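Here's the structure, in structure tokens; my notes come after.
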Ligand code: SF4
Ligand code: SF4
């Protein structure tokens, strides 16, 4: 880890690399201001929400539980199972279109204000680092001499915070009850769970103590998509070159035609991704508004109006009229409305039981010695309730058939699907052209499902099978 003086921006491939390819270690200066205050308040609210959400229960279920192992996803009291294909597809498509919509209108507001990477990095790890290393000095140098002991204590604190974060993160996937067991049981009793916890803690520590802003710059797919998601009217943070240029440190009252930018470099030194906003819109900009706070303070000191760096759009900064209504906003919002309506309808029609009839394995039908035709059928019953339920399978009234089923009623555990085979026995005379449609009724968990099923049988000609 080295701390380098700021190289010329044109020499860099990445803002986190020095010209020789070594890591450029960033220690951004803190720039107090209205946006930092707002972000700090929001960050602490979000940290509380991230921490408490796994403990919150709605309708007796966790508010959020993404149980990947058992393929059950609980969101705000509703559990989605792998069979909820339409609902899950609508949810994912809705999420993607929402991201497109929010980014097209508000740019990277998520990255700067609400992304857990930004929230924990800027409002937990960096403040802790400043506590140990002192406020950074010009050029990103630590404010205090780094001693071995102080560095060791700093990383020990980072480790404790990373453990807390890893446990919070895992609670979303395994639930707080399982997590409590993992924490209080000996690692030897559950080595796999212990390894998962240790690996997650290690990843958190690696991310926040070492990898840091590179997660946003090189690893995050959302960051990489920015160039296609924003347009000239999307909200961005931008430097106003018409007002700022020509930049310079000379006296503005000495007859020199200088713009408002005094080239103090504070907007660069405060940037958590190490870029110079004056170079124009950059993919590395996470929209944190620290450069606005830094520059506003400078403008106030030199008696110039705030806003040399400000929220705007590429169009408004260029002096054009901004547009809120534009084709992509109309398309995204229309698609989002349609998906939301479809989701609400599909959710309201979702019952507690799913039943599917499948053809049995082996021969499609068998002619029994007593002349009856036997069709093997399988029934798959999904019980969405939180308790086991029993189900009866019958043929519909008036159907000339009887069932042979081993388990009647069938028990289906909570939140699982069970597939059982049974036989449908019919006289050979009920078939027309080798087919007969029947109704199969499944009753249980307070619901009755009636499904059409086509039996197969011999093709008879004049009451005899063709030779
Ligand atoms: S903080 Fe403002 S005045 Fe200073 S270099 Fe940046 S844009 Fe120029
Ligand atoms: S350029 Fe400004 S808004 Fe963008 S990441 Fe840097 S400090 Fe934040």
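Residue numbers (our numbering): 47 to 513. Beta carbons: idealized from backbone N, C-alpha and C, even for Gly. Remember, predicted model here, so these are calculated numbers, not experimental data.
| task | Give, in chain order, every unbroken run of the alpha helix (DSSP H) that is at least 4 residues long and sits entirely within the segment 384-412. | result | none
| Cβ of residue 309 versus every heavy atom of ligand 1: is any distance shorter than 7 angstroms? | yes
| query | Going by the CB atoms, is the gap between residue 471 and residue 422 shorter than 8 angstroms? | reply | no
| query | When the Cβ atoms of the segment 357-370 are set against those of the segment 115-124, are three or more pairs found closer than 8 angstroms? | reply | no
| Alpha carbon of residue 295 to alpha carbon of residue 134, nearest angstrom | 57 angstroms
| query | Which residues mark the beginning and the end of the alpha helix (DSSP H) in which residue 224 is found? | reply | 222-230
| said: Give me, in chain order, the residues of the same chain whose beta-carbon lies closer than 8 angstroms to that of residue 339; leave out the 5 immediate sequence neighbours on both sides. | reply: 77, 78, 79, 80, 81, 82, 316
| task | Measure from the alpha carbon of residue 329 to the alpha carbon of each residue in 505, 321, 496, then state which is nearest. | result | 321
| field | residue 51 in three-state terms, based on DSSP | value | The predicted model places residue 51 with a pLDDT of 42, which falls under 50 and marks its position as unreliable, so this point remains unresolved.
| request: Indicate the three-state DSSP secondary structure (helix, strand or coil) for residue 253 in the structure shown. | output: helix
| Got a sec? Which residues, its chain only, sit under 7 angstroms from residue 279 by beta carbon, not counting five neighbours each side? | 359, 361, 368, 369, 372
| What is the DSSP secondary structure of residue 481, reduced to helix, strand or coil? | strand
| task | Just the C-alpha distance for residue 207 and residue 254, rounded to the nearest angstrom, thanks. | result | 10 angstroms
| Taking 7 angstroms as the cut-off, does the CB of residue 332 come closer than this to any heavy atom belonging to ligand 2? | yes
| Shortest alpha-carbon distance to residue 285 belongs to which of 257, 169, 201, 326? | 326
| What are the residues that DSSP puts in a beta bridge with residue 181? | According to DSSP, which records beta bridges pairwise, residue 181 is partnered with nothing at all.
| request: Can you say whether residue 89 is buried or exposed, counting buried as having 16 or more other CB atoms within 10 angstroms of its CB? | output: buried
| query | If we count the other Cβ atoms within 10 Å of its Cβ and call it buried at 16 or more, is residue 192 buried or exposed? | reply | exposed
| query | From residue 306 to residue 229, what distance separates their C-alpha atoms? | reply | 57 angstroms
| Residue burial classification, residue 333 (beta-carbon count within 10 angstroms, cutoff 16) | buried
| query | What is the residue span of the beta strand (DSSP E) that residue 495 lies within? | reply | 493-502
| message | Let me check understanding here. Comparing Cα to Cα, which of 100, 386, 487, 175 lies closest to residue 215? | response | 100
| Just to confirm, are residue 462 and residue 263 a CB contact at a threshold of 8 angstroms? | no
| message | Is residue 317 near ligand 2 - that is, is its Cβ less than 7 angstroms away from at least one heavy atom of it? | response | yes
| request: Note the first and the last residue of the continuous beta strand (DSSP E) segment covering residue 447. | output: No beta strand (DSSP E) holds residue 447; DSSP gives it neither H nor E.
| If residue 212 sits next to residue 167, beta carbons under 8 angstroms apart, how far is it from one beta carbon to the other, in whole angstroms? | Actually they are not in contact, since the Cβ atoms of residue 212 and residue 167 sit about 15 angstroms apart, beyond 8 angstroms.
| said: Among 350, 268, 303, 446, whose alpha-carbon lies nearest the alpha-carbon of residue 154? | reply: 268
| query | Below 8 angstroms, can you find three or more Cβ-Cβ pairs linking the segment 397-410 to the segment 443-451? | reply | no
| request: For residue 65, name the three-state secondary structure that DSSP assigns. | output: coil
| query | Where does residue 329 fall in DSSP's three states? | reply | coil
| query | How would you write the range of the alpha helix (DSSP H) that residue 268 sits in, first residue to last? | reply | 267-270
| said: Taking the alpha-carbon of residue 460 as reference, which of 432, 440, 438, 443 has the nearest alpha-carbon? | reply: 432
| residue 414 classed as buried or exposed, judged by whether at least 16 other C-beta atoms fall within 10 angstroms | exposed
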